[in-house]
Amino acid sequence: MMTSNGTKIIAVTNQKGGVGKTTTAINLSAALADMGKRVLVVDIDPQGNASTGLGVHAEDRDFTAYELLLEEVLPTQVIRPTQFENIFLIPATTDLASADIELISNEKRSYLLRNALRTALMAEIDFDYILIDCPPSLNLLTVNAMVASDSVLVPLQSEFFALEGLSQLMLTIRDVRKAANPDLRIEGIVLTMFDGRNNLSQQVEADARENLGDLVFKTKIPRNVRVSEAPSFALPVLYYDPQSRGAVAYRALAKELVQKSAQVAAE
């Protein structure tokens, strides 16, 4: 169920670190923006890497997702434009690391992000997509993201044990459905750091498609040095090297996501 104005909210999450989660949030947002979509990236990872990767320095993050969750500011006060057309940001800082403890006594603690992102004020801003970059853990911040979202997108690194970690995430999604967000669905699993010459990558893909079927995106994100280099220049790979294999893959992923969204909306 999308928001009343048609905004689609997607939590980009995997409790395992180093799987390309933030990289996917940044570059998917850039690819969607390249298609003319208005995109808001919500950074709720205390590391703040999505904020840095979109060129917003720590000293420029006056209001952040932390103040938003504590209900100290309105979403319109914390949303800021980036240097990239059609990409906006709610930044994060290390302050978020203490949010779990500070929010534990709040009865609405699992609904704070949902309440912030699904307001009439937000509807007026009219984003096409809101991508939430989650921390690499299944904590209260990640639960907030899932409760706020229409769907979950899971980057899955093409490595041994990749599918094992997925089972815990699926259980968390099921629990959130039962307790707080019955409409939450899995947008899809995207294979990241894929190396077609590597037998292990091929085996992970085969296992993922056998176990998860159509939930696995057709598009695979290759292991690509340009994707790895881009964050050090505070650029999505689409701006750093538009013709690189990584940029081409993220454009393909964005197209597949938009097509999928249209199919679901038509059902």
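In the numbering used here, each number is its position in the sequence shown, counted from 1, plus 6.
Don't be surprised by glycine CBs; every beta carbon is placed ideally from N, CA and C.
Since this is a predicted model, take the numbers as computed values, not measurements.
query	result
Nearest to N121 (by Cα), restricted to the options T100, M152 and D134	M152
Local Cβ density within 10 Å of F94, reported as buried at 16 or more and exposed below that	buried
Secondary structure of P248, DSSP reduced to three states	coil
Inter-residue Cα distance where the pair is A236 and E216	33 Å
Where N112 sits in the DSSP three-state scheme	coil
Three CB pairs or more closer than 8 Å across the region 258-267 and the region 181-198	yes
Entirely enclosed beta strand (DSSP E) segments - the region 107-177, minimum 3 residues	135-139 and 157-163
Outcome for S173 when other beta-carbon atoms lying within 10 angstroms are tallied against a minimum of 16	exposed
Nearest neighbour of A17, chosen from E273, A185, D139 and S238 [CA to CA]	D139
Nearest neighbour of L177, chosen from L190, F166 and F167 [CA to CA]	L190
Separation of S238 from G59, as counted between CA atoms	8 Å
For D40, the first and last residue of its enclosing beta strand (DSSP E)	Segment K27 to D40 is the alpha helix (DSSP H) holding D40; no beta strand (DSSP E) there.
Three-state class that DSSP yields for V18 in the structure shown	strand
Other residues of its chain near M7: CB distance less than 8 Å, five sequence neighbours each side excluded	Any reading at M7 must be qualified, since the residue scores a pLDDT of 49, below 50, and its modelled position is unreliable; no value is offered.
For G54, the nearest candidate out of A64, V45 and A271 (CA to CA)	A64
Anticipated Cβ contact below 8 Å, P97 with R67, distance rounded	4 Å
Distance CB(G252)-CB(R232) smaller than 8 Å	yes
Per DSSP, cross-strand counterpart(s) of I195	V160 and V222
Under the three-state DSSP convention, the category D66 falls into	helix
Cβ contact (3+ pairs, closer than 8 Å) linking the region 75-82 and the region 123-143	yes
Own chain residues within Cβ distance below 6 Å of R183, not counting five before or after	L190
Residue burial classification, P248 (beta-carbon count within 10 angstroms, cutoff 16)	exposed
Residues of its chain near S164, where Cβ-Cβ distance is below 6 Å and the 5 sequence neighbours each way are ignored	L197, M199, F200, S207 and V210
Status (buried if at least 16 other CB within 10 Å, exposed otherwise) for V29	The question names Val, yet the displayed sequence has Thr at residue 29. T29 is buried by the Cβ-count criterion.
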